[in-house]
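See structure below.
Numbering (this note's numbering), first residue to last: 3 to 736.
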């Protein structure tokens with residue numbers, strides 16, 4: 003029998019991202035022999051200028067006993083502009099027609115009611131292509147191919163591409179069982195090709211780690227690991243020395259959030275000359291493999307120097323020893339002599355950090371050069387001044403404009419001192435655990451700081467008031483590295499200027515770069531930004547807590563931020579283990595519950611101190627959802643078997659059969675709504691912000707401003723228009 007199909011484009015009114023992978027829905031509900039499953043998906047994107055041509059190939063197999071007849075459903079993100087749709091079954095093109103939003107909504111709600119699958123409510127807000135595919139015989143495999151064209155958004159001086167991969171439905175068959183007949187995840191491959199790769203600088207994704215290859219004028223971009231979830235990619239234009247890409251998010255009634263990415267372009271910039279000081283601990287505890295690795299690390303640092311750079315080498319044990327008494331120009335002959343000196347370094351003696359710091363800052367930084375200090379130690383001060391507070395204070399007063407990068411090797415280091423030195427020196431601390439390679443850790447830094455592009459960066463002006471910008475002190479920008487900045491904005495404070503201006507020093511001159519910026523009052527897209535901003539904030543607060551000591555206000559702010567944005571970490575892990583009546587305490591009461599993981603360690607040394615500081619560093623430097631997932635996996639292992647889920651920036655814990663939003667406060671009013679009822683769908687239309695939570699859970703309590711809403715059997719089946727308006731108003735606090 004010849005295949006036939008009807009193509010439908012369903013338009014939904016609410017802007018929330020969904021899966022952009024298709025599935026086949028049975029035509030006959032609850033048919034027990036319906037067994038069509040998806041095998042794999044391939045996505046290919048060709049970018050030409052601002053146009054992206056997307057091709058999606060999906061393979062389905064009928065594992066049932068009878069002919070499979072169903073509708074192929076493929077959701078489309080509501081924020082992007084699409085055109086030129088075509089759909090094929092094998093080599094045969096399928097005919098289609100459009101359907102108005104009202105009819106589409108009725109079909110959508112009918113599917114959700116039939117399947118009783120809350121995972122499907124995220125279809126709200128998106129177009130949906132639907133095609134009848136018939137027949138697929140038992141054991142047969144069919145390919146469905148979808149092609150469409152998408153106009154890429156401008157994001158400052160970059161182009162932004164989105165692909166909403168999402169998750170497959172919880173129940174892909176027509177049976178009444180709650181479980182799928184095949185695993186929910188299927189292999190997905192993704193590749194984006196820019197046919198004029200020279201137009202773009204280094205691509206950046208806040209959602210995935212990338213593999214980028216350039217060949218024959220083309221640029222190929224692929225995720226580094228398994229492709230899952232919504233994919234966002236920024237393609238910086240390469241016609242500027244520094245490209246500024248701006249992305250924003252603001253839900254109604256919420257603060258605005260922004261992500262600003264600075265990317266060095268391909269336009270050659272004059273090299274910023276560097277003064278590099280390498281300071282190495284050669285006390286007795288560094289003997290053996292550690293001193294061998296440290297020698298090779300110093301050689302790597304020397305290997306990054308250019309003829310315009312200068313360097314100094316310092317070792318310290320009982321006292322500090324310099325390779326030369328003053329700066330050495332990085333000429334080939336000088337570097338060769340320095341190599342021989344490094345190879346003669348031996349370990350022995352105590353740890354005189356005071357002498358090392360005094361020698362490192364003996365020659366002041368030159369204002370027209372980038373001064374870098376790399377400080378490597380594996381121990382506590384045992385000779386000279388031993389108080390970390392006084393050591394850090396003296397370094398701060400004498401460092402001038404030098405950037406300080408510290409490396410703590412092993413667990414017997416003073417975390418407070420290393421963090422304080424790096425924080426005051428606009429650098430960063432790194433921790434090398436026992437068994438890890440010192441050479442590899444220092445080598446990563448050496449590669450990063452090899453080619454400075456801009457120093458002393460700052461945001462000069464913006465069309466709105468910016469607040470809580472992280473990092474607080476902007477680090478320097480180096481070639482091959484993006485600088486990613488997160489912050490909040492207040493759209494009500496907008497003025498007529500539309501430019502966001504960033505300035506920095508390039509050698510002896512200060513230069514400015516600007517981007518035409520839009521900070522909208524409502525921008526539902528880019529929902530990854532608030533959580534990444536919150537992670538940066540928690541990392542910064544955690545560092546302040548360690549440097550300043552126990553502080554009730556900082557502890558409260560860390561807990562509240564972690565709960566508000568659903569960040570499972572050492573700061574919230576203890577909360578999910580409390581019983582329901584404790585978990586729903588008001589924040590003021592929860593503040594009184596002691597958490598040892600929030601306290602600055604009494605002794606700023608040892609394994610616990612290093613691991614807490616390292617996690618905090620990871621949060622402060624977080625750039626992508628992929629990095630966040632890795633952090634959360636570590637925190638989840640710490641929690642153990644506790645039932646928790648992070649959904650759209652909120653943390654939920656399973657309590658007595660209900661997933662409870664940990665932001666819910668005891669004493670708040672609660673309104674119960676029956677699942678899949680008329681009231682259920684009316685409320686989704688009135689409060690589309692509930693979609694991600696109701697999609698994830700059958701029974702769930704979500705906290706609002708003045709009322710919480712719980713989806714549970716026995717709740718209200720219907721709401722009058724007045725009740726609906728009042729409930730929405732109380733939930734939003736308007």
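Just so it is clear, CB atoms sit at the ideal spot from N, CA and C, and this is done for glycine as well. For clarity, every value in this text was computed on a predicted model and none was experimentally measured.
* Asked: Taking C-beta to C-beta, are residue 159 and residue 237 nearer than 8 Å?
  -> Cβ distance not < 8 Å, so residue 159 and residue 237 don't count as in contact.
* Asked: For residue 304, which of helix, strand or coil comes out of DSSP?
  -> Looking at residue 304 - three-state DSSP - the assignment turns out to be helix.
* Asked: Are there 16 or more other CB atoms within 10 angstroms of the CB of residue 711, so buried, or fewer, so exposed?
  -> Around the C-beta of residue 711, 16 or more other C-beta atoms lie within 10 Å, and the residue is accordingly described as buried.
* Asked: Is there contact between the region 372 to 381 and the region 331 to 349, where contact requires at least three CB pairs shorter than 8 Å?
  -> With fewer than three CB-CB distances shorter than 8 Å, the region 372 to 381 does not count as touching the region 331 to 349.
* Where do the N-terminal and C-terminal ends of the alpha helix (DSSP H) with residue 360 fall, by residue? -> Boundaries of the alpha helix (DSSP H) harbouring residue 360: 355 to 362, taken from the DSSP string.
* **CB-CB length for residue 381 against residue 408, believed under 8 Å** => With a contact defined as Cβ atoms closer than 8 Å, residue 381 and residue 408 miss out at about 13 Å.
* Who are the near neighbours of residue 296 in its chain, counting only those whose CB is closer than 7 Å to its CB and skipping five residues on each side? -> Exclusion of the five residues before and after residue 296 leaves 282, 288, 378 and 440 as the residues of its chain whose Cβ lies within less than 7 Å of its Cβ.
* Asked: What whole-angstrom Cβ distance do residue 692 and residue 703 have, given they're in contact under 8 Å?
  -> Contact between residue 692 and residue 703 does not hold, since their C-beta atoms are separated by about 11 Å, which reaches or exceeds 8 Å.
* **Limits of the alpha helix (DSSP H) - the one that residue 426 falls within** => Element bounds for residue 426: 417 to 426.
* Asked: At a cut of 8 Å, does the region 48 to 59 reach the region 133 to 140 through at least three beta carbon pairs?
  -> As far as the Cβ criterion goes, the region 48 to 59 does not touch the region 133 to 140, which means the pair count is below three.
* Asked: Excluding sequence positions up to five away, which residues of its chain have a Cβ less than 7 Å from the Cβ of residue 385?
  -> Here residue 385 has 320, 352, 353 and 354 as same chain residues with Cβ atoms under 7 Å from its own Cβ, once five neighbours each way along the sequence are excluded.
* Return the chain-ordered list of same chain residues with a C-beta closer than 6 Å to the C-beta of residue 367, the five sequence neighbours on each side being excluded. => In the same chain as residue 367, and ignoring 5 residues on each side of it, the C-beta atoms closer than 6 Å to its own belong to 373, 402, 403 and 404, in chain order.
* **Inter-residue spacing [alpha-carbon to alpha-carbon] between residue 37 and residue 114** => Straight across, the Cα-Cα distance linking residue 37 with residue 114 is about 19 Å.
* Output the residue ranges of the alpha helix (DSSP H) runs that lie fully inside the region 638 to 693 and measure 4 residues or longer, sorted by chain position. => Restricted to the region 638 to 693, the alpha helix (DSSP H) segments that are unbroken, complete and at least 4 residues in length are 680 to 688, listed in chain order.
* **Spatial neighbours of residue 580 in its chain, beta-carbon cut-off 7 Å, leaving aside the 5 residues before and after** => Annotation note: pLDDT 41 at residue 580 (below 50); position unreliable, coordinate value reported separately. Once the five neighbours on either side are set aside, residue 580 has no close Cβ partner at all.
* Using the Cα positions of residue 735 and residue 673, report the straight-line distance between them to the nearest angstrom. => Computed Cα separation, rounded: 15 Å.
* Neighbour-count burial assignment, residue 659, 16 or more Cβ in a 10 Å radius -> Exposed, by the Cβ-count rule.
* Beta carbon of residue 159: closer than 7 Å to some heavy atom of the ligand FAD? -> Absence of the ligand FAD from the depicted structure is noted, as is the absence of any ligand whatsoever, leaving it without description.
* At which residues does the beta strand (DSSP E) containing residue 143 begin and terminate? -> In the DSSP annotation of this structure, the continuous segment of the beta strand (DSSP E) that includes residue 143 starts and ends at 143 to 153.
* Asked: DSSP beta-bridge partners for residue 40?
  -> Answer is 62, bridged to residue 40.
* Asked: Smallest Cα separation from residue 537: which of 709, 618 and 529?
  -> Nearest of 709, 618 and 529 to residue 537, Cα basis: 618.
* Whose C-beta lies closer than 6 Å to the C-beta of residue 726 among residues of the same chain, with five residues either side of it excluded? -> 684 and 688.
* From the DSSP output, which residues share a beta bridge with residue 46? -> 57 and 193, per the DSSP bridge assignment.
* **According to DSSP, residues forming a beta bridge with residue 494** => BP columns for residue 494 are empty, so no partner.
* Asked: For residue 557, is the classification buried or exposed, using 16 other Cβ atoms within 10 angstroms of its Cβ as the cut-off for buried?
  -> By the neighbour-count rule (16 or more Cβ atoms within 10 Å), residue 557 is buried.
* Range covered by the beta strand (DSSP E) that runs through residue 1 -> The displayed coordinates of the chain run from 3 to 736. Any statement about residue 1 would go beyond what the structure contains.
* Asked: Going by DSSP, what residues sit across from residue 432 in a beta bridge?
  -> Looking at the DSSP output, residue 432 shares a beta bridge with 409.
* **Inside the region 275 to 320 only - alpha helix (DSSP H) runs reaching at least 4 residues** => For the region 275 to 320, whole alpha helix (DSSP H) runs of length 4 or above, ordered along the chain, are 291 to 305.
* To do: Confirm, please, whether the CB-CB distance from residue 390 to residue 418 is below 8 Å.
  => Contact: yes.
* Asked: With burial defined as no fewer than 16 other Cβ atoms inside 10 Å of the residue's Cβ, what is the status of residue 582: buried or exposed?
  -> For residue 582, the pLDDT reaches just 39, beneath the cut-off of 50, and the residue's location in the model is therefore unreliable, although a value from the coordinates is still provided. A residue is called buried when at least 16 other Cβ atoms come within 10 angstroms of its Cβ; residue 582 does not meet this threshold and is exposed.
* Asked: Taking the Cβ atom as the reference point for each residue, do residue 455 and residue 423 lie within a distance shorter than 8 Å?
  -> Against a cut-off of 8 Å, the Cβ pair of residue 423 and residue 455 comes out as no contact.
* Counting only runs of 4+ residues fully inside the region 322 to 386, write out the alpha helix (DSSP H) ranges in chain order. => Runs of the alpha helix (DSSP H) inside the region 322 to 386: 334 to 345 and 355 to 362.
* Neighbourhood of residue 464 by C-beta, 6 Å cutoff - its chain only, sequence neighbours within 5 removed -> Cβ neighbours of residue 464 beyond the five flanking positions: 502.
* Selection from 111, 410 and 67 that minimises the alpha carbon distance to residue 678 -> Taking residue 678 as reference, the option from 111, 410 and 67 with the minimal CA-CA separation is 111.
* Asked: Of all the options 695, 699 and 675, which has the alpha carbon lying nearest to the alpha carbon of residue 716?
  -> Ranked by Cα distance from residue 716, the options 695, 699 and 675 are led by 675.
* Tell me, to the nearest whole angstrom, how far the beta carbon of residue 505 is from that of residue 462; I am working on the premise that it is less than 8 Å. => So it is a contact: roughly 5 Å between Cβ atoms.
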